[in-house]
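Protein chains in written order, with numbering that gives the first Met the number 0: chain V, 0 to 140; chain B, 0 to 140.
All residues carry an ideal CB built from backbone N, CA and C; glycine is no exception.
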Amino acid sequence: MDRKASALWNGDLKTGKGTISTQSKTLNNAQYSFHSRFEEGTGTNPEELIAAAHAGCFTMAFANELSKAGHTATSVATDATVTLEMLPTGPTVTKIHLVNKSEVPGIDKAKFDEVAAGAKANCPISRLLAAAEITLDATLL
Amino acid sequence: MERSASAIWHGDLKKGTGALTTQSHVLNDTPYSFHTRFEDGAGSNPEELIAAAHAGCFTMALSSQLTSAEHPPSTIETTATVTMETTDDGPTITKIHLSTHATIPGIEKSTFDELAKKAKDGCPVSRLLKSAEITLDATLT
């Protein structure tokens with residue numbers, strides 16, 4: 000299965016500007032720039048899209064693993080934070096931290112933690128992003 | 000620098016539904032589901048967001064390389080295609096293909112190709128996604 004997105008950029012790095020669009024048109028000429036990426040400008044940036052992909056993937060994987068363990072979740076909520084640091088090799092994503100809060104009727108904390116760790120290790124985006132350190136805090140509500 | 004996004008999911012994998020939100024609110028309770036991810040349902044999915052992040056990052060990196068080489072581009076347009084295959088490890092992103100078309104006054108094709116390769120190898124998202132095979136077609140117009 001193939002999924003696509005495209006980016007258009009006009010001009011140089013610092014004064015130029017770009018847009019990003021996805022196949023689904025969920026992003027439809029979304030603005031991005033040096034300012035929105037490396038400073039605090041308005042607009043999107045690749046790192047928050049990585050965070051969204053990872054939060055989305057982990058959350059879906061965790062819900063699936065909970066169902067398979069016989070505990071369908073009422074809700075699974077995850078924040079992903081991507082850390083970009085300036086290293087000698089250039090700007091580098093060094094860490095992704097997942098913070099999860101879930102409502103899962105009838106599961107015990109030990110099983111919950113085990114299923115959470117499995118979803119973190121095995122979700123397709125975690126496996127793709129293996130170059131970064133990925134950490135997880137999972138709270139059973 | 001930190002960038003964040005969040006996901007929420009209700010229910011099991013196949014019948015449940017989720018939503019994605021990024022820090023910039025480019026994604027704002029954007030729906031996603033099994034249907035939008037593994038079938039052809041309308042809505043977003045983590046793989047197209049990876050494609051968006053990669054297209055955005057590569058395009059900006061190429062502008063940066065061209066600017067440093069004193070050939071600031073007029074326009075760069077890149078499509079990223081993410082391929083997900085079911086392997087023994089489950090659904091796995093095996094390949095990402097970048098196809099870029101650039102308009103750059105006064106540059107030689109060989110210089111362009113060299114800088115495009117540098118941007119492919121060096122952009123932060125390429126370095127993060129190194130568990131996938133990343134390929135590039137670069138066209139100078």
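query                                                                                                                      : result
Per DSSP, the bridge partner or partners of Lys116(B)                                                                      : Lys116(B) is not bridged to any residue.
Same chain, Cβ closer than 8 Å to Ala51(B), neighbours up to 5 away in sequence not counted                                : Ala79
Where Leu140(V) falls, given that 16 or more other Cβ within 10 Å makes a residue buried                                   : exposed
is_contact[Phe33(V), chain B] using C-beta, thresh 9 Å                                                                     : yes
Runs of alpha helix (DSSP H) lying entirely within the segment 34-111 of chain V, each at least 4 residues, in chain order : 45-67
Closer than 9 Å to chain B by CB, Ala52(V)                                                                                 : yes
Below-9 Å beta-carbon distance, Lys119(V) vs any chain B residue                                                           : no
Test: Thr25(V) CB closer than 9 Å to a CB of chain B                                                                       : yes
Chain-ordered residues of the segment 110-127 of chain B with a beta carbon less than 7 Å from chain V                     : Gly121, Pro123, Val124, Arg126 and Leu127
Proximal residues, the segment 4-17 of chain B versus chain V, C-beta separation under 9 Å                                 : Ala4, Ser5, Ala6, Ile7, Trp8, His9, Gly10, Asp11, Leu12, Lys13, Gly15 and Gly17
Alpha-carbon to alpha-carbon, Pro104(B) and Trp8(V)                                                                        : 15 Å
Which listed residue (Glu69(B), Ala18(B) and Thr77(B)) has its alpha carbon closest to that of Ala6(B)                     : Ala18(B)
Residue range of the beta strand (DSSP E) that includes Gln30(V)                                                           : Ala29 to Tyr31
Euclidean distance between Cα positions of Thr110(B) and Leu135(B)                                                         : 15 Å
Cβ neighbour criterion (16 or more within 10 Å) applied to Ser130(B)                                                       : exposed
Helix, strand or coil at Ala50(B) [DSSP, three-state]                                                                      : helix
Any C-beta of chain B under 9 Å from that of Thr80(V)                                                                      : yes
Unbroken alpha helix (DSSP H) run spanning Ile95(B), endpoints                                                             : Here Ile95(B) belongs to no alpha helix (DSSP H); instead the beta strand (DSSP E) covers Gly89 to Thr102.
Gly15(B) versus Val114(V), Phe33(V), Ser35(V) and Thr71(V), residue with shortest Cα-Cα distance                           : Thr71(V)
For Lys16(V), the residue or residues it bridges with in DSSP                                                              : Asn9(V)
C-beta contact flag for Thr21(V) and Tyr31(V) at 9 Å                                                                       : no
Interface residues of the segment 86-112 of chain B facing chain V [CB-CB below 8 Å]                                       : Asp88, Gly89, Pro90, Thr91 and Ile92
Close beta carbons around Lys119(B), own chain, < 7 Å, minus the five adjacent residues each side                          : Phe57, Leu97, Ser125, Ile133 and Leu135
Rounded distance between the beta-carbons of Tyr31(B) and Ser43(B), thought under 8 Å                                      : 5 Å
Test: Pro45(V) CB closer than 9 Å to a CB of chain B                                                                       : yes
CA nearest to the CA of Gly40(B), picked from Gly105(V), Arg2(V) and Glu38(V)                                              : Arg2(V)
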